[in-house]
Amino acid sequence: MATQDRPVGDLDPDEFRAAGYRTVDLIADYYERIDDRPVYVQDDPEDVVAAFDEPLPEQGEDPERILDAVEESVIPYATHNPSPRYFGFVMGSGTPLAPLADAIAATVNMNVGGWHPAPSGTEIERRCIRWLAEAIGYTSDTGGLLTSGGTMANFTALMTALRDHTAYETTGPGLQEDRPRYTLYVADHEGHSSVVRAADMLNLGRDAVRRVPSHDDFTMDVEALERLLETDREAGAEPFCVVGQAGSINVSAIDPLGDIADICAEHELWFHVDGACGAVGAMVPELESRYDGMERADSVTLDPHKWLFVPYECGAVLVRDQDCLAKTFAMDASYLRGSVAETPQEFDFYEFGPQLSRSFRALKLWVSMKYYGLEGYRELLRTSVRCGEHLDTLVRDHEDFLAVQEPNLFIYSFRYVPDDLQMTLADPPDVPLARVDQYLDELNQAITDEVVRSGLAFLTTTTIRGRRALRMSICSHRTTEADIETVFDALAETGTRIDEAWRPKASLPV
310 MATQDRPVGD LDPDEFRAAG YRTVDLIADY YERIDDRPVY VQDDPEDVVA
360 AFDEPLPEQG EDPERILDAV EESVIPYATH NPSPRYFGFV MGSGTPLAPL
410 ADAIAATVNM NVGGWHPAPS GTEIERRCIR WLAEAIGYTS DTGGLLTSGG
460 TMANFTALMT ALRDHTAYET TGPGLQEDRP RYTLYVADHE GHSSVVRAAD
510 MLNLGRDAVR RVPSHDDFTM DVEALERLLE TDREAGAEPF CVVGQAGSIN
560 VSAIDPLGDI ADICAEHELW FHVDGACGAV GAMVPELESR YDGMERADSV
610 TLDPHKWLFV PYECGAVLVR DQDCLAKTFA MDASYLRGSV AETPQEFDFY
660 EFGPQLSRSF RALKLWVSMK YYGLEGYREL LRTSVRCGEH LDTLVRDHED
710 FLAVQEPNLF IYSFRYVPDD LQMTLADPPD VPLARVDQYL DELNQAITDE
760 VVRSGLAFLT TTTIRGRRAL RMSICSHRTT EADIETVFDA LAETGTRIDE
810 AWRPKASLPV
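Under the working numbering, read the sequence shown as residues 310 to 819, first letter to last.
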């Protein structure tokens with residue numbers, strides 16, 4: 310009930326403090342025990358469904374009971390991404406101050422779409438964009454903004470590229486006119502699916518994304534790119550953009566960015582670098598040369614909620630010429646301008662990206678960058694790289710594993726192939742090779758599934774050159790080489806045990 314001092318809907322201050330203190334204790338306990346938690350839920354999926362199968366509350370509940378439910382159901386039934394043994398997808402492990410920053414951001418509840426609704430929120434985000442650009446060696450006098458993640462960041466960049474480098478003006482007429490076939494280019498193996506999603510969202514069609522052949526190291530073949538550009542132009546297409554990878558999704562490959570920049574300059578194409586996974590590696594001096602040419606890109610995407618360890622959601626897009634963003638996204642409405650007189654400082658993010666309503670994402674990034682500083686982040690990134698290199702050594706030293714890549718940054722893929730089957734692949738007997746390949750694909754998937762179900766670790770499989778492989782994204786600032794060894798030993802033991810059980814039934818050499 311409302312009182313003279315407390316509006317309807319607000320908690321009593323003491324009640325709120327009690328709930329807040331308990332929540333902070335819950336967070337602190339969670340981080341303190343994160344090493345001991347099963348990474349993946351151990352319960353039957355039906356139990357998870359049942360835990361939240363309840364009717365819409367008719368009457369409100371006490372905050373203590375709600376927090377009881379959080380402790381009893383939400384935390385136990387979570388996949389624990391902050392674990393040092395979480396190696397799935399590419400997900401940040403959560404910087405320690407970020408939950409507190411998110412709580413403060415939710416408290417002030419600014420809409421960082423416009424300057425007047427969010428003066429401090431706007432200026433913090435602008436500063437974070439400059440810091441990110443400076444950290445990776447990009448021009449700090451850049452346009453850009455934070456997004457929900459890599460897909461929206463790539464969409465923002467590619468829509469800007471399309472509007473800037475073609476006559477694709479859809480603001481007024483929409484899609485109601487005949488248009489050329491606009492095309493964009495990405496490496497055939499490691500190009501991220503978000504590029505295809507962006508082409509779809511732009512109504513270019515998924516076929517507009519042209520796959521450029523890759524070298525054996527999974528990097529783009531720039532000579533093949535030039536041939537494909539020529540072929541497409543002869544067929545009547547209008548190329549407008551080339552996407553280079555700076556840390557690809559399966560093997561952390563970095564395309565020859567300088568060579569791609571040269572081709573884009575020669576052909577007057579927009580040069581976009583998809584660095585969602587790995588662009589921040591350029592912060593580390595000894596890795597910097599691998600990114601030569603990224604500073605010449607028209608746009609760069611990177612996700613702080615990946616290798617900068619910030620919690621979801623926090624992607625970012627940097628665009629060299631802020632006017633290109635304005636040309637693409639600027640809009641006006643009287644209700645957006647009519648409440649407060651304009652000031653010289655005014656900067657409205659809704660003029661430079663697809664969202665009008667925008668959360669205060671920048672605060673958790675701002676506090677994290679201030680907490681670690683460049684040197685702190687560099688050491689964390691170095692640790693991830695060392696863990697990837699250590700995993701590569703374990704793979705190459707074990708007779709039943711095969712390396713499929715050189716260690717690059719922090720994502721590493723490899724295969725479990727029993728030693729005798731490696732010889733079979735090299736010198737096939739009467740057994741069809743396709744049967745051996747199918748067996749190995751199923752074996753690698755089964756190994757992954759069992760280790761994940763055990764709760765020891767979370768990892769995924771992927772496809773490398775048409776073959777199923779184990780994939781570990783070492784994207785937690787908590788991961789140590791000891792964690793890598795523990796999980797690798799479990800993969801080896803599981804592989805041996807499953808292979809011994811399956812092989813006699815598979816009609817393969819024993």
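Here a beta-carbon is modelled for each residue, glycine too, at the ideal position from N, C-alpha and C.
Just how far apart, CA to CA, sit residue i and residue j?
i	j	result
A815	Y748	8 Å
A625	D525	30 Å
Y340	S763	21 Å
W675	N463	22 Å
P405	G422	27 Å
G556	H389	24 Å
T788	C696	8 Å
A799	A766	9 Å
H501	A588	14 Å
T757	T528	27 Å
A570	Y395	35 Å
D632	L513	23 Å
G318	A327	17 Å
D621	G458	It is Tyr, not Asp, that sits at residue 621 in the sequence shown. Between Y621 and G458, the C-alpha separation is close to 8 Å.
T795	D530	37 Å
D607	E432	23 Å
E355	P393	27 Å
E575	D701	38 Å
T805	L752	10 Å
P347	T733	37 Å
E684	L690	10 Å
H786	G545	49 Å
Residues in its own chain within less than 7 Å of residue i by CB, not counting five upstream and five downstream?
i	result
L511	L467, M468 and L471
G567	D601 and G602
A562	E499, D526, F527, T528, Q554 and N717
F638	E660, F661, G662 and P663
A591	I445, G446, E597, Y600 and M603
E609	A quick correction: the sequence has Val, not Glu, at residue 609. Answer for V609: Y447, V582, G584, A588, M603 and L627, listed in chain order.
I'd like the span of the beta strand (DSSP E) that includes residue i, first residue to last.
i	result
P548	A546 to Q554
R520	V518 to V521
T610	S608 to L611
T456	G452 to T456
V626	G624 to V628
R506	From DSSP, R506 is part of no beta strand (DSSP E) but of the alpha helix (DSSP H) over S502 to M510.
T448	Run containing T448: none; DSSP gives neither H nor E here.
L493	R490 to A496
L617	Neither: L617 is in no beta strand (DSSP E) and is coded neither H nor E.
F710	F710 to A712
Counting only C-beta atoms, is residue i closer than 8 Å to chain D at any point?
i	result
P405	Absent from the structure: chain D. Only one protein chain is present.
Spatial neighbours of residue i within its chain, please: CB distance less than 6 Å, with the 5 preceding and 5 following residues excluded, ordered by chain position.
i	result
V552	V495, V504, H581 and D583
S449	R439, A442 and E443
S693	F719 and I783
E655	W424
T460	S503 and R506
M781	F396, Y721 and L768
I336	P408
What first and last residue would you give for the alpha helix (DSSP H) that runs through residue i?
i	result
G697	A671 to D706
V417	A407 to V417
R515	R515 -> no alpha helix (DSSP H), and no H or E assigned at all.
W440	P428 to A444
R472	G459 to H474
A635	Q631 to F638
V531	V531 to E543
Take residue i and list the residues in its own chain whose beta-carbon comes closer than 8 Å to its own, dropping the five residues that flank it on each side.
i	result
T475	P489, Y491, E547 and F549
Q485	With a pLDDT of only 45 at Q485, under 50, the local geometry of the prediction cannot be trusted, and the value read off the model is given with reservation. So the list is empty, once near-sequence residues are dropped.
L534	Y494, V521, V551, I569 and I572
E790	R695, C696 and H699
query = Can you list the beta strand (DSSP E) stretches of 3 or more residues lying completely in the segment 724–802, in chain order?
reply = Listed in chain order, the complete beta strand (DSSP E) runs (minimum 3 residues) inside the segment 724–802 are 769–773 and 776–782.
Inter-stretch contact (C-beta, 8 Å, three-pair minimum) for the segment 771–779 and the segment 710–728 = Touching, yes, given that three or more Cβ pairs across the two stretches are closer than 8 Å.
key: Contiguous alpha helix (DSSP H) assignments of at least 4 residues, all confined to the segment 316–394   = For the segment 316–394, the continuous alpha helix (DSSP H) assignments of 4+ residues that do not extend past its boundaries occur at 322–341, 354–360 and 372–378, in sequence order.
ask   = Is it a yes or a no for the segment 408–419 touching the segment 353–371, going by three-plus beta-carbon pairs under 8 Å?
value = No, because fewer than three Cβ pairs between the segment 408–419 and the segment 353–371 fall closer than 8 Å, the two stretches do not touch.
query = If we count Cβ pairs, one from each stretch, closer than 8 Å, do we get three or more for the segment 426–437 versus the segment 585–597?
reply = Contact check between the segment 426–437 and the segment 585–597: fewer than three CB pairs, one atom from each, fall below 8 Å, which does not count as touching.
query = Which runs of the alpha helix (DSSP H), 4 residues or longer, sit entirely within the segment 564–605?
reply = Listed in chain order, they are 566–576.
key: Segment contact flag, the segment 614–622 with the segment 664–680, C-beta cutoff 8 Å, min 3 pairs   = Yes, they touch.
ask   = So does the segment 348–360 actually touch the segment 379–399, counting three or more Cβ pairs closer than 8 Å?
value = Three or more Cβ pairs drawn from the segment 348–360 and the segment 379–399 lie within less than 8 Å of each other, which places the two stretches in contact.
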